[in-house]
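Participant: Residues 4 to 212 in this note's numbering are what the sequence shown lists, from first letter to last. There's a structure below that I have some questions on.
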Amino acid sequence: MKKIAVSFLSSSHIARDLEKLNLTDVDYIHVDFMDGKFVPQKTLPFKELKNIYKYTSKRLDVHLMVKDPKKFIKKFATLNTEFITFHLEVDKNIEELIDLVHRYGIKCGLAINPETDLEELEPYLDKIDLVMVMSVHPGKGGQSFILETALKVVQLKEMITNKKLKVKIEVDGGINLETKEYVKDADILAAGSYIIHSPNFQEAITQLR
Ligand code: DX5
Ligand code: ZN
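Structure (structure tokens):
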């Protein structure tokens with residue numbers, strides 16, 4: 004059964020929605036954090052954001068869309084965080100960042116943009132806990148699923164199996180009842196609009212699993 008992480012980019016009442024989600028069996032709260040540099044969009048500063056996440060009893064699945072993950076890794080490590088994922092496309096020492104996440108006792112993920120090749124992941128695959136395959140361009144909720152992602156997920160699963168690794172696959176963006184069928188190898192689905200715009204959160208979550 005798949006795990007579900009709920010994203011809030013399309014929510015206009017985050018605190019209220021987080022409280023509603025406490026009553027569901029959703030696995031993670033997917034925190035999309037953007038710095039206005041890695042992507043043009045910018046989310047609330049961490050010091051405000053951390054007050055919002057006090058409304059949840061769920062563990063956090065942190066997705067850092069930032070140019071310089073280091074300082075944010077440190078900050079999100081102070082919350083109830085299961086995964087910290089940053090982008091492979093950042094121009095930084097990836098191994099150092101992976102080690103930093105692990106030093107906080109948190110699982111580390113690497114996110115890859117739709118146009119990034121899977122081969123670029125290869126050197127890090129045995130060092131991480133999760134790959135977040137972006138099925139939309141990072142920055143906004145409510146975009147359509149990019150179909151090429153489906154093949155990428157199959158190939159990634161093959162790479163992981165061949166190497167006998169236990170790396171989890173998360174797919175992020177444009178997930179709904181139709182597109183979830185394209186990514187059967189995913190372990191975790193990050194979904195925003197489909198759940199947030201549904202009248203019954205639990206029902207939407209159950210349907211996506
Ligand atoms: C895109 C984000 C996603 C996205 C998911 O930058 O990383 O998490 O908001 O939302 P939906 O499901 O609306 O595509
Ligand atoms: Zn995300």
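Just so it is clear, CB atoms sit at the ideal spot from N, CA and C, and this is done for glycine as well.
(1) Output the distance between the C-alpha atoms of Thr84 and Leu52, rounded to the nearest integer angstrom.
(2) Considering only heavy atoms of the ligand DX5, does any lie closer than 6 Å to the CB of Pro117?
(3) Once you ignore the five residues that flank Ile17 on each side, which residues in its own chain have a CB closer than 7 Å to its CB?
(4) So, for Ala153: in the same chain, excluding its five sequence neighbours on each side, which residues have a beta-carbon less than 8 Å away from its beta-carbon?
(5) Answer yes or no: the CB of Ser13 versus the heavy atoms of the ligand ZN, is any distance below 6 Å?
(6) If we require 4 or more residues per run, which alpha helix (DSSP H) segments fall completely within the stretch 166-212?
(7) Go through the stretch 28-69 residue by residue and report every complete run of the beta strand (DSSP E) that reaches 3 residues or more, in order.
(8) Nearest CA to the CA of His66: which residue from Ile76, Lys57, Thr59 and Tyr58?
Facilitator: Well, looking at it:
(1) Numbered from its first residue, the sequence shown carries residue 84 at position 81. Numbered from its first residue, the sequence shown carries residue 52 at position 49. Their backbone Cα atoms lie some 14 Å apart in a straight line.
(2) Counting from one through the sequence shown, the residue named residue 117 turns up at place 114. Checking every heavy atom of the ligand DX5 against the Cβ of Pro117, none is found closer than 6 Å.
(3) Here residue 17 refers to the residue found at position 14 when the sequence shown is read from its first residue. Phe11 and Ile55, listed in sequence order.
(4) Locating residue 153 in the sequence shown gives position 150, where the first residue counts as 1. Same-chain partners within the cutoff: Tyr185 and Val186.
(5) Indexing the sequence shown from 1 puts residue 13 at position 10. No - the ligand ZN has no heavy atom lying nearer than 6 Å to the Cβ of Ser13.
(6) 196-199 and 204-211
(7) 31-37 and 62-68
(8) What you label residue 66 is simply residue 63 of the sequence shown in a count that begins at 1. Measuring from the Cα of His66, the nearest candidate turns out to be Ile76.
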